[in-house]
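Line order of the protein sequences matches chains A and B. Per this note's numbering, residue 11 is the first one in the first sequence, and the count goes up by one each step. Per this note's numbering, residue 166 is the first one in the second sequence, and the count goes up by one each step. Just so it is clear, CB atoms sit at the ideal spot from N, CA and C, and this is done for glycine as well.
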Amino acid sequence: MAASSDNVITQALRVAITQAIRQARIEIKWKPGKAVAHLQKRIQLRQLSSDATLAGYEAIIRGLLHDPNGLIYLYFYNDAPYPVIIAEDQGQLWAVIINLEGRLDTAFLLLKPEQYIERRGLVYLGRLHEVDL
Amino acid sequence: MNELLHDYQSAVTFSGVSGFEHLQLLDLRDDLEQSKAKLTEEELAALLKADRQLMALAVDFYAELAEITDLGQERQRHNPPPTHWWWYLDVLSQVPALSANGSHAPEPVLVAAGR
Numbered sequence: 011m012a013a014s015s016d017n018v019i020t021q022a023l024r025v026a027i028t029q030a031i032r033q034a035r036i037e038i039k040w041k042p043g044k045a046v047a048h049l050q051k052r053i054q055l056r057q058l059s060s061d062a063t064l065a066g067y068e069a070i071i072r073g074l075l076h077d078p079n080g081l082i083y084l085y086f087y088n089d090a091p092y093p094v095i096i097a098e099d100q101g102q103l104w105a106v107i108i109n110l111e112g113r114l115d116t117a118f119l120l121l122k123p124e125q126y127i128e129r130r131g132l133v134y135l136g137r138l139h140e141v142d143l
Numbered sequence: 166m167n168e169l170l171h172d173y174q175s176a177v178t179f180s181g182v183s184g185f186e187h188l189q190l191l192d193l194r195d196d197l198e199q200s201k202a203k204l205t206e207e208e209l210a211a212l213l214k215a216d217r218q219l220m221a222l223a224v225d226f227y228a229e230l231a232e233i234t235d236l237g238q239e240r241q242r243h244n245p246p247p248t249h250w251w252w253y254l255d256v257l258s259q260v261p262a263l264s265a266n267g268s269h270a271p272e273p274v275l276v277a278a279g280r
C-alpha cells in the first residue's frame, strides 16, 4: 500500500483529488444516516463538548479543509483512493477522510498521528495551499 | 480513569461509524495492552467489559473495516501477536455465536489460529 507518490499519483488523479476537496469544502456530505452517530461519537470521546451540534462539528471540518497548512495524504484500498486531510484545530490534529466524489467518510481526532500515517501507509501529496483549489 | 481506556470504552459502542476510525481503535487497543500492567483492578474490569463489547459487535465492526482494508493484510504488515485478538475481527465475525447477534459472546481470551 505504501508507495512513493511519483509511482501512483497521476496528473489525472491529482486533478480528481483537488476536485474532491473542493466539493467537500462546498458541501459536507455524509454517508446516509451517519452524521448524527459521528457527532455522538465525538462527544462521547470528549473530542467535542457535550453541547456540540452537527453544525458546529461541520464548521470544524470546513475549517480543517480550508487550513492552508493542512497536509494532504492519500490512502488506497482495492485501487480506490481516499484523500486524507490532516490539519489542526485548537492545537490538535484531526483527519478528514473523503472519497473521490468529495463525500465525507469521517473526521476524527488523531490520537497518534505519526503512527496512524505510518500504519495506514498514507502517501503524502503536499499541503492544501500547494494545490490548486 | 485512564484516558486511553476511556477512549476505548467509548469507541467500542460505535460500531457503525467508519472503518478508518476502527483502525485507530485497534491501534488504541494495542496501546492499552502495552500499559495493562499499570491499570487498576477497576480499570482492568472496565477493559474486559469493553473487550466483550467489541467482541460482541465483531460482525458490525468488521463490516465497516472490510470497506476500507483487509485485516489479513493489516496483520501481515504489523505482525501482531496472536494474543492480540482484536486484529482478528474478520475471523471472529465468522464465529456463529457472534455472527448470529453477539449476545452470547465468549470471553475475549481466544488465540486466533493462523493469519
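Taking the beta strand (DSSP E) that residue i belongs to, which residues open and close that run?
i, result
"D99 of chain A", "90-99"
"R137 of chain A", "133-137"
"I108 of chain A", "102-108"
Is it buried or exposed, residue i, if we count other Cβ atoms within 10 angstroms and call 16 or more buried?
i, result
"A176 of chain B", "buried"
"S183 of chain B", "buried"
"S180 of chain B", "buried"
"V25 of chain A", "exposed"
"G80 of chain A", "buried"
"T234 of chain B", "buried"
"R130 of chain A", "buried"
"E229 of chain B", "buried"
"Q189 of chain B", "buried"
"A117 of chain A", "buried"
"S200 of chain B", "exposed"
"K203 of chain B", "exposed"
"I36 of chain A", "exposed"
"P93 of chain A", "buried"
Quick one: list the residues of chain A neighbouring residue i, beta-carbon separation under 9 angstroms, in chain order.
i, result
"L188 of chain B", "Y126, R129, R130"
Could you tell me which chain A residues have their CB closer than 7 angstroms to the CB of residue i, listed as they occur along the chain?
i, result
"T234 of chain B", "Y87"
"S175 of chain B", "Q54, L55"
By the criterion of Cβ-Cβ separation under 8 angstroms, what are the contact partners of residue i in chain A?
i, result
"V182 of chain B", "K44, A47, H48, K51, T116"
"D172 of chain B", "L55, L121"
"H243 of chain B", "R129"
Which of helix, strand or coil does DSSP assign to residue i?
i, result
"F179 of chain B", "coil"
"R52 of chain A", "helix"
"D172 of chain B", "helix"
"W40 of chain A", "coil"
"Q125 of chain A", "helix"
"T154 of chain A", "The structure shown does not extend to residue 154 of chain A, since chain A spans only 11 to 143, so no value can be given for it."
"L81 of chain A", "strand"
Give the interface partners of residue i over in chain B, defined as CB-CB distance under 9 angstroms, in chain order.
i, result
"K122 of chain A", "Q189, D192, L193, D196"
Taking 7 angstroms as the limit between beta carbons, can you name the residues of its chain near residue i, skipping five residues before and five after?
i, result
"A215 of chain B", "Y173, Q174, V177"
"A34 of chain A", "L75, I108, G112, L114"
"S60 of chain A", "I53"
"A226 of chain B", "It should be noted that the sequence gives Phe, not Ala, for residue 226 of chain B. Taken in chain order, the residues that qualify are S180, H187, L219, L254."
"A278 of chain B", "Residue placement at A278 of chain B is flagged as unreliable, the pLDDT there being 48, under the threshold of 50; the coordinate-derived value follows with that caveat. The answer is none, since no qualifying residue turns up."
Tell me where the alpha helix (DSSP H) around residue i begins and ends.
i, result
"A294 of chain B", "For chain B, the structure presents residues 166 to 280; residue 294 of chain B sits outside this window and is missing."
"D195 of chain B", "184-199"
"L58 of chain A", "From DSSP, L58 of chain A is part of no alpha helix (DSSP H); its letter is neither H nor E."
"E239 of chain B", "236-243"
"V256 of chain B", "254-257"
Starting from the C-beta of residue i, find all residues in its chain whose C-beta is less than 6 angstroms away, skip the five residues before and the five after it, and write them out in chain order.
i, result
"I149 of chain A", "The structure shown does not extend to residue 149 of chain A, since chain A spans only 11 to 143, so no value can be given for it."
"E232 of chain B", "G184"
"A97 of chain A", "L74, D77, G80"
Are the C-beta atoms of residue i and some chain C residue less than 7 angstroms apart?
i, result
"F226 of chain B", "Among the protein chains of the structure shown, namely A and B, there is no chain C."
Might you give, ordered along the chain, the residues of its own chain that have their beta carbon closer than 8 angstroms to the beta carbon of residue i, omitting 5 neighbours on each side?
i, result
"L49 of chain A", "L58, A62, T63, L64, Y67"
"M166 of chain B", "E208, A211"
"I38 of chain A", "E68, I71, R72, L114"
Using a Cβ cut-off of 8 angstroms, pull out every chain B residue sitting near residue i, in sequence order please.
i, result
"I107 of chain A", "S183, F185"
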